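Residue numbers (the working numbering): 916 to 1651. Beta carbons: idealized from backbone N, C-alpha and C, even for Gly. Just so you know, these numbers come straight off a predicted model, no measurement behind them.
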């Protein structure tokens, strides 16, 4: 959240509740769908493959035959510090567990998510909500387990099964059903969620088929070509798969097959966070889309349907034969692999199959093992240097990394020193804040053939956006052919825009008219202060804000938008809502504190900053802001103590040392003040503020020569520094 300055007031339609968008209502939308049953007669084989697939069973009603084993016989379930029970009572299945009320309560499930390897049950709740239970059933082991493992989440937390983190309407429904409309009302904090069909039906991938079914029924005997028959190419089908098989944020809640993925979603990619490993391997629950985008397979034109039967979602061919369709002669241009000599493992043993090494599994939700679709190369050297996992040690858990490294170097030698290794090292170093990575990032952003990696490099360059060599590279990426790169370029230009750079501002305004919505929204997110909410990009932005208002991050973003527009009073209830919904998130507390301060409520701001520091005790940034809040509240002693803690947590916190110097000076501790300001100068040698502040202290101490040298240093760094020049004029002339 930015601060300061005179800002325009919100436009008339800056409230998401009042924003009007040209979208059809549910009745109009769902009327264009025919349902999967209408496909069976003409597409019997496809329907047969689909009907028992994970897609077809993605969500269903509780079924006495299918689900009885989970509740009979009754089971006691120990999870964390809690005890729950699954049972049947009066002919109904029940889960007795902790809800929002004190003690345990019996809840009756009505729907089920998933079929294998786990099943989660849905429970109706107030305001049209459905909550997803954290206790899930493993049909293979016939046992209950907690999807959070040993986390022991408690009622009232965002991530508890009764919290918004497990609200089906927002978190699960769109990918487990066909053409979902969330229909959240911020005014009543309630949902009227609807869908065209429960489960992932035919039209979830092919789009609405009502017109097609009607035409076929009327012209079944005709030889005329069906004008309503959907024809999606491989890339459009890939986008349809990605709409669910990606870690992404929703921009519209209105995707239909055939449309551009990036017109409806903001994709999570390897960046400065640890959501992905630096080589692109999945770390958190990232699904398959991003990792596949990062692969050479994607760059070579391979898509989902080249490997997966579309209706069952199973592999087209079993085992290594699937890979060898391309990686054996005479198919060009894929590298040719001899499985026996390449794997260095005995046939039909772990490690002998392509997927063992190039598609390692990560288990999510305690039971769901998923294969990485980045097709990465196991590299123990990256494990040793950057803690990036490798498939060798995932399997040989009792062996050391050095053992694995020696093996691959023996087998493959200099071939291991490949561009993917260099790229992973660059990303890892940049994440750690190593400025030496900038040169390699610049090369990656310019030369990398895979768009996702150009995007990652572009995003990471934002940390050094104001450096001379970086600015032109970011401006160049504004014209990249890949919309993902342009999206990241917009975000990385923010520091330049904030510094008043006119070229950055011009580029961002250009991106407001980009052909892809995700790019327009990224630019709008930087240009909040000047954004015309009645423009096409402004309407896109308000629509996205409105769609996501049911989650704390959405409330935070809308509050931040209002703060940027100079309306701190209207922002306050939204930021308070974010904290009420997730009080354990430090950024929400921090944002609320800033807003409270802007509303003249300094003591309340201190309280929220203190809460943020308790939640993130090792974060120097929150401690520094607490110090500023203490000072604003007139609590100098507490402010100085908080600043001392800031620089203890982060000895390179230049602003912390600078403000600590000012604080010491206000307490009359002039020698300590000078020492603190000298530390600030060492860390930020190009900033004139610390030497000027030090000059004023030297003046008070009667140290004229020191004051003159400090003021001259400040003027040398900033020749138009009026206060420093005035101080010099007031100093007595030095005598020879």
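Grab me the residues of residue i's own chain with a C-beta within less than 8 Å of its C-beta, minus the 5 sequence neighbours each way, in chain order.
i	result
residue 1524	1504, 1505, 1508, 1537, 1540, 1541, 1544
residue 1418	1386, 1390, 1411
residue 1150	1218
By a C-beta neighbour count over all protein chains shown, 10 Å radius and 16 as the cutoff for buried, is residue i buried or exposed?
i	result
residue 965	buried
residue 937	Per-residue confidence for residue 937 stands at a pLDDT of 44, beneath the threshold of 50, marking its modelled position as unreliable; the derived number appears in the next sentence. Counting Cβ neighbours within 10 Å, residue 937 comes out exposed, since fewer than 16 surround it.
residue 1451	exposed
residue 960	exposed
residue 1045	buried
residue 1347	exposed
residue 1253	exposed
residue 998	exposed
residue 1606	buried
residue 1296	buried
residue 994	buried
residue 1532	exposed
residue 1051	buried
residue 1326	exposed
residue 1413	exposed
residue 1012	buried
residue 957	exposed
residue 1015	exposed
residue 1449	exposed
residue 1566	exposed
residue 1134	exposed
residue 1403	buried
Between residue i and residue j, what straight-line distance do the alpha-carbon atoms span, to the nearest angstrom?
i	j	result
residue 1180	residue 1370	15 Å
residue 1480	residue 1511	16 Å
residue 1204	residue 1213	10 Å
residue 1453	residue 1436	8 Å
residue 1238	residue 1246	11 Å
residue 1423	residue 1393	8 Å
residue 1169	residue 1556	51 Å
residue 1289	residue 1431	25 Å
residue 890	residue 1291	No statement about residue 890 is possible, as the shown extent of the chain runs from 916 to 1651 and does not include it.
residue 1332	residue 1338	11 Å
residue 1272	residue 1217	19 Å
residue 1280	residue 1033	9 Å
residue 1092	residue 1164	17 Å
residue 1166	residue 1176	10 Å
residue 987	residue 1318	49 Å
residue 1162	residue 1184	9 Å
residue 973	residue 1083	13 Å
residue 1398	residue 1003	53 Å
Once you ignore the five residues that flank residue i on each side, which residues in its own chain have a CB closer than 7 Å to its CB?
i	result
residue 1298	1304, 1305, 1308, 1316
residue 925	With a pLDDT of only 42 at residue 925, under the threshold of 50, the placement of this residue in the model should not be trusted, and no figure is reported.
residue 1400	1366, 1369, 1370, 1373, 1392
residue 1197	1191, 1206, 1277, 1287
residue 1251	1242, 1243, 1244
Mapping the DSSP letters down to three states, classify residue i as helix, strand or coil.
i	result
residue 1453	helix
residue 1059	strand
residue 1042	helix
residue 1223	strand
residue 1547	helix
residue 891	Examination of residue 891 is not possible in this model, given that the chain is present from 916 through 1651 alone.
residue 1092	strand
residue 1633	coil
residue 992	strand
residue 1283	strand
residue 1601	coil
residue 1181	strand
residue 1035	strand
residue 1584	coil
residue 997	strand
residue 1112	strand
residue 1122	coil
residue 1552	helix
Please list, in chain order, all residues of the same chain as residue i whose beta carbon is under 6 Å from its beta carbon, the five residues on each side excluded.
i	result
residue 1071	none
residue 1095	1088, 1089, 1110
Report whether the distance from the Cβ of residue i to the nearest heavy atom of the ligand GDP is below 7 Å.
i	result
residue 1134	The model depicted lacks the ligand GDP and carries no ligand whatsoever.
Would you check if there are 3 or more beta carbon pairs closer than 8 Å linking the stretch 1112–1121 to the stretch 1495–1502? Too few Cβ pairs lie closer than 8 Å, so no.
Does the stretch 1034–1043 touch the stretch 1092–1109, meaning 3 or more C-beta pairs lie closer than 8 Å? At 8 Å Cβ cutoff, the stretches touch.
Per the contact definition of three or more C-beta pairs closer than 8 Å, is the stretch 942–954 in contact with the stretch 1118–1129? The stretch 1118–1129 makes contact with the stretch 942–954, as at least three CB pairs between them are under 8 Å.
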